[in-house]
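Student: Before I ask anything, here is the structure I am working with.
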Amino acid sequence: MSSEALSTTLFLVFVAGTLAITFWASRQNRTAADYYAAGRSFTGVQNGLAIGGDYMSAASFLGIAGIIALSGYDGFLYSIGFLVAWLVALLLVAELMRNSGKFTMADVLAFRMSPRPVRTAAGISTITVSIFYLLAQMVGAGALVGLLLGIKSDSGKILTIVAVGALMIIYVVFGGMKGTTWVQIVKAVLLMTGAALVTLLVLGKFGFNLSSLLHDAAQQSGKGEKFLEPGLKYGTDAQGVWGKIDLISLGLALVLGTAGLPHILIRFYTVPDAKQARKSVQWGIGIIGTFYLLTLVLGFGAAALVGTKAITAANKAGNTAAPQLAKAIGDDLFGSVGGTVLLAVIAAVAFATILAVVAGLTLASSSSFAHDLYAHVFRRGQATEGEELMAARIAAFVIGAIAIVLGVLAQSLNVAFLVALAFAMAASGNLPALLYSLFWKRFNTTGAVSAIYGGLISAVVLVFFSPVVSGAETAMFPKSDWHLIALSNPGIFSIPIGFLCGYLGTVLSKEYSASKYAEIEVRSLTGIGSEKAVTH
Amino acid sequence: MTTQQHDSSVYERIQGEERFQELRRRYRSWAFPMTIAFLAWYLLYVVLSAYARDFMGTKVLGEINVALIFGLLQFVSTFLITWAYARHARTKLDPLADEIRHEVEQEADRA
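Chains as they are written, first to last, in the working numbering: chain A, 304 to 839; chain B, -13 to 97.
Have a look at this one:
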């Protein structure tokens, strides 16, 4: 049996299993709290696993391992930013949000504000951030499947994107939050097991001596010592002054973006209370941290055992380094059958990863559309629960369809920057509004709306005039040049702009409600009046 | 079970109470300085990665250099802060928050 056939079989088993879970979950989806928040009945441990499943995207599994395999140490910078970011969520956001919100990020932002303008802004921001993130995953899926399943034709790739999109729509429309969460839990367990297995084999090969693994990686890379130091990819001397500022800008967006990502924030609503929300972030941090440590070994292992030449021959960005490593170590230790099996397992895990993440993103954006824009803005809170849920399902279908179409159209574009942009937008627009809402007494409607639009728009505008869109060989439009600033990551400017807009908007408006602030402050810290778990 | 609705005056009354002020102080005086500390520690790491490459490339043990150790220490500090916060919340915040919440819920049940 070929590796492709085995991968496909394993993947189909995963699909069959998750579809069974989805249909089981669909029979329990009765109320809005069931659909949006899984009845708030997951335990902290379960939700911690789901947080890992939601967060560890194909970009971080294959992408970071690939960057480390090709550029060495610099890939590790990503891992660290992605992990430390969780402390912002743990210390400042998770519990307070669980206590004061209901279904979406906008519930917290609109809590003490005039609901329509704030929900509109938060809804637009949620959907924009999620769709950028979603698009990156969809395009990645097409490229990846091409490589792993040996599908080289364009029609094959398009078919794969359509299939991924269709599955994601089914998970979300029928399974709601409960189905999606279970898909993420299963995926997190598979991903951790697969990554740990390959890591152990690689470490075993080097006698559990990290230094000798690093030595071989540096040798094989052809870059010597530099491979183990920062600076091969980001802030290189060739990039000059702006290159180093760009690195710091990326670091800021990574560390401040996570706690503003809507698909992550809504996970805190799936547990019964703030204590479980805290516990889920603790577990999430443990799982995600361990995972990035494994990725470090996978990346350096691929550099040492597969080699730069073979990795770039398969994929220029190094996205297949981890599966290639699985094959190489399997071949080496157990013969060609072992290599085939390991490759198939890792490839199937990668598909599961993509599916779980895109489902989480579709759920976050469709929930925000239905709950924030449809029910509160268009219908001014007059929609029935049934109407709202119907809107959520239709929105999930439409957003899924849009993601499929864009994913197919964007096949040939370089979309790697989309994830970084999504993090920058979340850090610049959502996080300032969220933190001010929770902690700043004086904050008001104008402030919230200014923070969201100011941060979001400045991030998008800066990227539009950056070398990732035009004026560079690797740009989205390599043949045109309208770039104004040599900065790929907007965070260093757009994050302060978001905070500043929120501040100025607030002080320039007289609106302020002491009683609403008392309510959110007391609720968020004590849990009085917080949404209770659903008991069936 | 439906969510209890409380009169907004309840929240203003509790906000004014000494006990709640104490809870708020315990939360903020831990979470805010710690946030500044871990962000500064992280930014130090990022800035050194950008500007102090010779230092980061210094070998410490075999092929293991300062950059790798510094990076791994970010993992260690993240795990430690997570553990310390959980402990602080369990011992210093939860009992007070539970006490205030139970009282209000009992009042609401009586009413």
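Backbone N, C-alpha and C fix where the C-beta goes; we use that ideal spot for every residue, glycine too.
In this text, all values refer to a predicted model and were calculated from it rather than measured experimentally.
1. Output the distance between the C-alpha atoms of leucine 437/A and glycine 689/A, rounded to the nearest integer angstrom.
2. On a CA-only basis, which of Ala341/A, Phe364/A and Ala606/A is nearest glycine 478/A? Give me that one, please.
3. Under 8 Å between the Cβ atoms of tyrosine 572/A and arginine 343/A?
4. Within the continuous alpha helix (DSSP H) that includes valine 558/A, where are the two ends?
5. Would the C-beta of alanine 678/A count as close to the ligand SAH, meaning under 7 Å from any of its heavy atoms?
6. When you compare the segment 739 to 754 of chain A with the segment 682 to 701 of chain A, are there three or more beta-carbon pairs, one atom per stretch, that lie closer than 8 Å?
7. Tell me whether phenylalanine 385/A sits in a helix, a strand or coil according to DSSP, three-state version.
8. Distance, Cα to Cα, threonine -12/B vs lysine 835/A?
9. Go through its chain and collect everything with a Cβ distance to aspartate 84/B's Cβ below 6 Å, but skip five positions before and after it.
10. Output the boundary residues of the alpha helix (DSSP H) element that contains lysine 45/B.
11. Indicate whether at least one CB of chain A lies closer than 8 Å to the CB of arginine 10/B.
12. Tell me whether serine -5/B sits in a helix, a strand or coil according to DSSP, three-state version.
13. Once you ignore the five residues that flank glycine 663/A on each side, which residues in its own chain have a CB closer than 7 Å to its CB?
14. Given this structure, state the Cα-to-Cα distance separating serine 552/A from proline 793/A, to the nearest angstrom.
15. Tell me whether methionine -13/B sits in a helix, a strand or coil according to DSSP, three-state version.
16. Rounded to whole angstroms, what is the Cα-Cα separation between valine 544/A and serine 514/A?
17. Evaluate the contact criterion for the segment 745 to 762 of chain A versus the segment 796 to 812 of chain A: three or more CB pairs, one atom per stretch, below 8 Å.
18. Note down, in chain order, every chain A residue with its Cβ under 9 Å from the Cβ of alanine 93/B.
19. Using a Cβ-Cβ cutoff of less than 8 Å, which residues in the same chain neighbour alanine 388/A once the five nearest sequence positions on both sides are dropped?
20. Name, in chain order, the residues that DSSP records as bridge partners for serine 773/A.
21. Taking the continuous alpha helix (DSSP H) assigned at asparagine 402/A, which residues delimit it?
22. Is it buried or exposed, glutamate 3/B, if we count other Cβ atoms within 10 angstroms and call 16 or more buried?
23. If we count Cβ pairs, one from each stretch, closer than 8 Å, do we get three or more for the segment 422 to 430 of chain A versus the segment 621 to 633 of chain A?
24. With DSSP run on the structure shown, which of helix, strand or coil describes asparagine 332/A?
25. Any C-beta of chain B sitting closer than 8 Å to the C-beta of valine 391/A?
26. In the DSSP output, which residue or residues are listed as bridge partners for asparagine 51/B?
27. Might you give, ordered along the chain, the residues of its own chain that have their beta carbon closer than 8 Å to the beta carbon of glutamate 532/A, omitting 5 neighbours on each side?
28. With distances taken between CB atoms, is the gap from serine -6/B to serine 791/A smaller than 8 Å?
29. Between the C-alpha atoms of alanine 372/A and serine 524/A, what's the straight-line distance to the nearest angstrom?
30. Report buried or exposed for isoleucine 788/A, applying the criterion of at least 16 other Cβ atoms within 10 angstroms of its Cβ.
31. Can you find a CB in chain B that lies within less than 8 Å of the CB of proline 533/A?
32. Taking 8 Å as the cut-off, decide whether the C-beta atoms of aspartate 337/A and valine 837/A are in contact.
33. Since histidine 518/A meets chain B, which of its residues come closer than 7 Å, beta carbon to beta carbon?
34. Which word fits proline 81/B, buried or exposed, when buried means at least 16 other C-beta atoms lie within 10 angstroms of its C-beta?
35. Tell me, to the nearest whole angstrom, how far the beta carbon of serine 740/A is from that of valine 411/A; I am working on the premise that it is less than 8 Å.
36. By how many angstroms is the C-alpha of serine 671/A removed from the C-alpha of valine 609/A?
Tutor: Reading off the structure:
1. 27 Å
2. Ala341/A
3. yes
4. 543 to 560
5. Looking for the ligand SAH in the displayed structure turns up nothing, as the structure carries no ligands at all.
6. no
7. helix
8. Caution is warranted here: a pLDDT of 42 is assigned to threonine -12/B, below 50, making its placement in the model unreliable, and the coordinate value is therefore given only provisionally. The straight-line gap from Cα to Cα measures roughly 7 Å.
9. none
10. Run containing lysine 45/B: none in the alpha helix (DSSP H); it sits in the beta strand (DSSP E), 45 to 47.
11. yes
12. helix
13. Asp357, Thr483, Gln487 and His566
14. 7 Å
15. Any reading at methionine -13/B must be qualified, since the residue scores a pLDDT of 38, below 50, and its modelled position is unreliable; the value itself is stated next. DSSP places methionine -13/B in coil when its eight states are reduced to three.
16. 33 Å
17. yes
18. Per the sequence presented here, residue 93/B reads as glutamate, with alanine not at that position. Under the 9 Å cutoff, chain A gives no residues; its nearest Cβ is about 11 Å from glutamate 93/B.
19. Leu557, Val558, Leu559, Gly560, Thr561 and Ala562
20. Phe780/A
21. 397 to 403
22. exposed
23. no
24. coil
25. yes
26. Lys45/B
27. Gly375 and Tyr376
28. no
29. 8 Å
30. exposed
31. yes
32. yes
33. Glu49
34. exposed
35. 6 Å
36. 44 Å
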